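Peer 1:
There are 2 protein chains.
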Amino acid sequence: MKLIDGNAIAESIIAELTAEVSQLSGKKPVVAFIRVGKDPASVSYVRKKEKTAERIGIGSRLYLLAEDVNKEELFAQIDALNDDPEVNGILIQAPLPRHIDETQTFNRVLPSKDVDGFNTLNIGKLCQEDHQGFVACTPAGIVELIERSGIETEGKHVVVLGRSQIVGKPAALLMMRKALPGNATVTVCHSRTKDLPSITRQADVLIAAIGRANFVTGNMVKEGVAVIDVGINRVEDSTKKRGYRLVGDVEFEAVAPKSSHITPVPGGVGPMTVAMLMHNTLRAFKAAKVT
Amino acid sequence: MKLIDGNAIAESIIAELTAEVSQLSGKKPVVAFIRVGKDPASVSYVRKKEKTAERIGIGSRLYLLAEDVNKEELFAQIDALNDDPEVNGILIQAPLPRHIDETQTFNRVLPSKDVDGFNTLNIGKLCQEDHQGFVACTPAGIVELIERSGIETEGKHVVVLGRSQIVGKPAALLMMRKALPGNATVTVCHSRTKDLPSITRQADVLIAAIGRANFVTGNMVKEGVAVIDVGINRVEDSTKKRGYRLVGDVEFEAVAPKSSHITPVPGGVGPMTVAMLMHNTLRAFKAAKVT
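Chains A and B, in that order, give the protein sequences. Under numbering that gives the first Met the number 0, the residues of the first sequence are numbered 0 to 290, in order. Under numbering that gives the first Met the number 0, the residues of the second sequence are numbered 0 to 290, in order.
If you want it as structure tokens, here you go:
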């Protein structure tokens, strides 16, 4: 069993990006973050993204809007950043307050600056295998983990647990594309799937993104499976100071001994997301220079 | 075994659309066809579409461009139709000559007039389960056949053979969506899939869109499978005046006896495509009236 070290792989990507950015003469890439309200997780995520940008040499700007911001104000901010030639990428930290439509908001970002890959046009490009589009950071991170861990996908059976717009479906589309990593037979399972274990046991590669703590048990996988665990779930744990610990969608202790490769939680897919955001920002910068 | 009569189901849809159009006071929907060159199949397809529009009471316009039309001329024609408030839907008959990029051309059509559902934005909407978008006519026709034949998909295992942008992938996305028909466990197989029969034999519903004559044999399906055969392949047949006959991707004689439902070729999915184009045109018309 090989533990996939997401922190180490993310660090390699960050080092590659840092080297590339240091070679740039003149302007550097810039990413803009919009954070609405003070959700503690959002505050922490955005701070992590700012710090990573700084390490790479990517400029960042932070725009803080009040929890009760109205749509017009938020959109005016997005429009200003869309129009600003200095800004290459725009990230609007989710979740947004309930009175703001997220899909509409993400679609307000110019596709060419949509480094989060949530714009409908970029999702369409992913489906069409147009590699000019931006792939959302979590599925893009999954693909990098698979590639850099040497997990084969060609002709393999990849089972994706979960059909969300931001993880399950794009991961499935990437795994079935006519390129590597990809060229896999792909099955998408979800809450309505009947006799799930009979399907997950067929997986050569299992991507778990269902959001249920320790959902995938040892008897649901076959010997030699490669496991990418996207879940980040809190379970109560009185031995921890904060009263909980983070676990994935996969029961690690039971599944790891049967796996050829497995990601831990935390330290698997999580760190990749920020690295891929920076990767996308550099790509947006280079594309903007060309046009 | 129940034979799914695509002609009869298409006729029901056409009758429903005719009734709805006859209730419209004032303007009627209009669809514009652009045909480039004189490919005999394209001539015949466009004629069929014109006739069906006429039967329903949908106006149609035909624009014929020479085989050697350049991109600028073609795009100018598309732009004129995009700008024309009388035109609700625009269909550019594929295949286009080699010197014209099809994806770029389909993307030139306004998403709101893209009744063929080939625009990247409409594909993104399909992936996002945004029902305001247009679904391409063949996968939309597959869904209608499934629904009107009473084939259950909820929790069933749907196996899609083929991963094309215009059939396999959209059909897979529709079958996995959180709506009916849909809510299925979906597996997408293709040329790189290993041990294909072991997967197709799991199918409760098999959608074959691989473009290989009689590819799916009797031993590749289980008893009780519902089969949607999207293939239209020519095989030599000296007993026919034209020297060939049309067959699907499924070996009908061997598979039909094991099937709960099966589409014939011709007369299955084929007739649905034109009906769904008209369905999309009427939707585009109604949406244009609202805005």
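Backbone N, C-alpha and C fix where the C-beta goes; we use that ideal spot for every residue, glycine too. Remember, predicted model here, so these are calculated numbers, not experimental data.
Spell out a yes or no on whether the region 219-231 of chain B and the region 191-202 of chain B are touching, meaning 3 or more CB-CB pairs, one atom from each, closer than 8 Å.
Peer 2: yes
Peer 1: When we look at the beta-carbon of G149 (chain B) and count the other beta-carbons within 10 Å, is it buried (16 or more) or exposed?
Peer 2: exposed
Peer 1: I need the boundaries of the beta strand (DSSP E) containing N232 (chain B), first residue and last residue.
Peer 2: N232 to E235
Peer 1: Counting along the chain, where does the beta strand (DSSP E) carrying T186 (chain A) start and finish?
Peer 2: T184 to C188
Peer 1: Can you tell me whether DSSP reads L23 (chain B) as helix, strand or coil?
Peer 2: Note: L23 (chain B) maps to coil in three-state DSSP.
Peer 1: Is the beta carbon of G292 (chain A) sitting closer than 8 Å to the one on I122 (chain B)?
Peer 2: Any property of residue 292 (chain A) remains undetermined from this structure, which presents chain A solely from 0 to 290.
Peer 1: Indicate the three-state DSSP secondary structure (helix, strand or coil) for I12 (chain B) in the structure shown.
Peer 2: helix
Peer 1: Anyone know if the C-beta pair for V273 (chain B) and K47 (chain B) falls short of 8 Å?
Peer 2: Result yes, Cβ atoms of V273 (chain B) and K47 (chain B) sit closer than 8 Å.
Peer 1: Between the C-alpha atoms of M275 (chain A) and A183 (chain A), what's the straight-line distance to the nearest angstrom?
Peer 2: The straight-line gap separating the alpha-carbon atoms of M275 (chain A) and A183 (chain A) is approximately 22 Å.
Peer 1: Among B:I209, B:D248, B:P28 and B:A208, which has the Cα closest to the Cα of T216 (chain B)?
Peer 2: Measuring from the Cα of T216 (chain B), the nearest candidate turns out to be B:D248.
Peer 1: Hey, L63 (chain A) and R34 (chain A) are a contact pair by Cβ (cut 8 Å); roughly how many whole angstroms apart?
Peer 2: Between R34 (chain A) and L63 (chain A) the Cβ distance is about 6 Å, and since that is below 8 Å, they are a contact.
Peer 1: Below 7 Å between beta carbons is the criterion; list the residues of the region 146-164 of chain B that meet it against any residue of chain A, in chain order.
Peer 2: E153, G154, R162 and Q164
Peer 1: Tell me the DSSP secondary structure of A317 (chain A) in three-state form.
Peer 2: Chain A is shown only over 0 to 290; residue 317 (chain A) falls outside these bounds and no answer can be derived.
Peer 1: From K1 (chain B) to A255 (chain B), what distance separates their C-alpha atoms?
Peer 2: Between the alpha carbons of K1 (chain B) and A255 (chain B) lies a distance of about 9 Å.
Peer 1: Check whether the Cβ atoms of G116 (chain A) and N279 (chain A) sit closer than 8 Å, and answer yes or no.
Peer 2: yes
Peer 1: Relative to the C-alpha of V158 (chain B), which residue among B:E151, B:A207 and B:D194 is closest?
Peer 2: Between V158 (chain B) and the set B:E151, B:A207 and B:D194, the nearest pair of CA atoms involves B:A207.
Peer 1: Who are K1 (chain A)'s beta bridge partners in DSSP?
Peer 2: A:H260
Peer 1: Spatial neighbours of E222 (chain A) within its chain, please: CB distance less than 6 Å, with the 5 preceding and 5 following residues excluded, ordered by chain position.
Peer 2: K257
Peer 1: I want to verify the contact list: residues of chain A whose CB lies under 7 Å from the CB of I198 (chain B), in sequence order.
Peer 2: T184
Peer 1: Determine the direct distance from the alpha carbon of D129 (chain B) to that of A286 (chain B), and round the result to whole angstroms.
Peer 2: 14 Å
Peer 1: Note down, in chain order, each residue of its chain lying with its Cβ closer than 8 Å to the Cβ of V220 (chain B), except the 5 sequence neighbours on either side.
Peer 2: T199, R200, A202, L205, V226, V254, K257 and S258
Peer 1: Please confirm whether T137 (chain A) and M277 (chain A) have their CB atoms less than 8 Å apart.
Peer 2: no
Peer 1: If you draw a straight line from the alpha carbon of V246 (chain A) to that of R147 (chain A), how long is it in whole angstroms?
Peer 2: 23 Å
Peer 1: Among the residues of its own chain, which have a CB less than 7 Å from the CB of P110 (chain A), if the five just before and after it don't count?
Peer 2: Taken in chain order, the residues that qualify are N118, L120 and N121.
Peer 1: Strictly below 8 Å CB to CB, what residues from chain B border C188 (chain A)?
Peer 2: Neighbours of C188 (chain A) in chain B, taken as residues at a C-beta separation under 8 Å, are given in chain order as T184.
Peer 1: Please classify N106 (chain B) as buried or exposed, where buried requires at least 16 other C-beta atoms within 10 Å of its C-beta.
Peer 2: buried
Peer 1: So, with DSSP's three-state summary, where would you put H278 (chain B)?
Peer 2: Shown here, H278 (chain B) sits in a helix according to DSSP, grouped into three states.
Peer 1: In chain order, what residues of the region 121-143 of chain A put their CB closer than 9 Å to some CB of chain B?
Peer 2: Going along the region 121-143 of chain A in chain order, one finds N121, I122, G123, K124, L125, C126, Q127, E128, D129 and G132 with a Cβ nearer than 9 Å to chain B.
Peer 1: Please work out which residues of its chain come closer than 7 Å, Cβ to Cβ, to T152 (chain A), disregarding the five sequence neighbours upstream and downstream, and give them in chain order.
Peer 2: I145, M174, L179, P180, G181, N182, A183 and V204
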